[in-house]
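Reading through the structure tokens given below for one structure.
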Amino acid sequence: MNENLPIIGVSMGDPAGIGPEIAAKAFADRRLYEKCRPLVTGDASVMAQAIEIARADLRINAIRDVSQAKFEYGAIDVVDLKDVDVKSLVHGKVSAMAGKAAFDAVKKVIELAMANEVDATVTGPLNKEALNLAGYHYTGHTEIYAEFTKTKDYTMMLAEGNLRVVHVSTHVSLRQACDCVKKERVYAVIKLAYDTM
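FYI, the numbering used here numbers position 15 of the sequence shown as 43, with every residue one higher than the one before it.
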């Protein structure tokens with residue numbers, strides 16, 4: 029383990045979706061550990077299922093906090109929130125239980141970042157319908173991050189290579205997106221992008 033590498037917290041995403049499987053496949057690639065010290069926030073039993081689905085030669089190291097992580101290739105360190113009954117989990121089915129677990133995983137990874145226990149975060153995909161069923165009415169990750177980091181001015185940024193794209197609107201209908209295109213909002217988004225870059 030290289031202690032100079034950043035610790036990256038990965039929220040597992042919706043346990044009934046593809047997030048846990050994507051994480052398992054990523055953790056099965058030895059090169060990941062050359063770039064960072066990764067861990068997952070979520071449910072350890074869901075991640076164990078994901079390992080089986082991905083047919084990955086991995087095991088789970090369920091932990092309560094980051095200090096217990098080993099960051100060793102071959103094991104996924106999971107900050108275990110123990111919030112999924114895997115016997116009643118149906119893959120591909122929207123449920124309040126899955127929405128709550130996905131929300132809990134994102135909230136936990138944000139808390140770890142805010143406490144400087146992880147250096148950066150990565151999020152597994154959410155199902156907005158499941159979030160709503162669980163009582164969490166957010167349009168996406170961006171809004172969850174904004175609330176828990178107490179950020180008032182924000183926008184989503186997508187990055188690929190040298191390209192950066194910032195959004196004036198997100199997760200709204202085309203009619204609503206057109207309504208969002210106001211001089212003040214466009215300027216605010218350009219300034220956020222400029223300041224970030």
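Where is the CB? At the ideal position from N, CA and C, for every residue including glycine.
Predicted model, so just to flag it, every value in this text is computed and none were measured.
Could you say which of Glu212, Asn89, Asn32 and Lys219 lies nearest to Phe55 if we only look at CA atoms? What you label residue 55 is simply residue 27 of the sequence shown in a count that begins at 1. The shortest Cα separation from Phe55 among Glu212, Asn89, Asn32 and Lys219 belongs to Asn89.
CB-CB under 8 angstroms to Tyr215, same chain, minus the five flanking residues each way: which ones, in chain order? Counted from its first residue, the sequence shown places residue 215 at position 187. Counting only Cβ-Cβ distances below 8 angstroms, and skipping sequence neighbours, we find nothing.
According to DSSP, is Arg87 part of a helix, a strand, or is it coil? One-based indexing of the sequence shown puts residue 87 at position 59. Note: Arg87 maps to strand in three-state DSSP.
Give the straight-line distance between the Cα atoms of Glu171 and His199, rounded to the nearest whole angstrom. Translated into the one-based positions of the sequence shown, residue 171 becomes position 143. Translated into the one-based positions of the sequence shown, residue 199 becomes position 171. Glu171 and His199: Cα-Cα distance of roughly 11 angstroms.
Do the CB positions of Phe176 and Glu139 come within less than 9 angstroms of each other? Start at 1 with the first residue of the sequence shown, and residue 176 comes out as number 148. Start at 1 with the first residue of the sequence shown, and residue 139 comes out as number 111. Cβ distance < 9 angstroms, so Phe176 and Glu139 count as in contact.
What would DSSP say about Asp57, mapped onto helix, strand or coil? The sequence position of residue 57 within the sequence shown is 29, counting from 1. Coil, per DSSP.
Relative to the alpha-carbon of Ser123, which residue among Asp85, Ser39 and Lys156 has its alpha-carbon at the smallest distance? For the purposes of this step, residue 123 is taken as residue 95 along the sequence shown, with counting starting at 1. It is Lys156 whose Cα lies nearest to the Cα of Ser123.
Could you tell me which whole alpha helix (DSSP H) segments of length 4 or greater appear in the region 144–212? 156–161, 169–176 and 202–208
Helix, strand or coil, according to DSSP, for Asp226 in the structure here? Given that the chain is displayed from residue 29 to residue 225, the structure contains no residue 226 and the question cannot be resolved.
Rounded straight-line distance, which links the Cα of Ala174 to that of Lys180: On the sequence shown, position 152 is the one that residue 180 refers to. On the sequence shown, position 146 is the one that residue 174 refers to. For Lys180 and Ala174, the distance between alpha carbons rounds to 7 angstroms.
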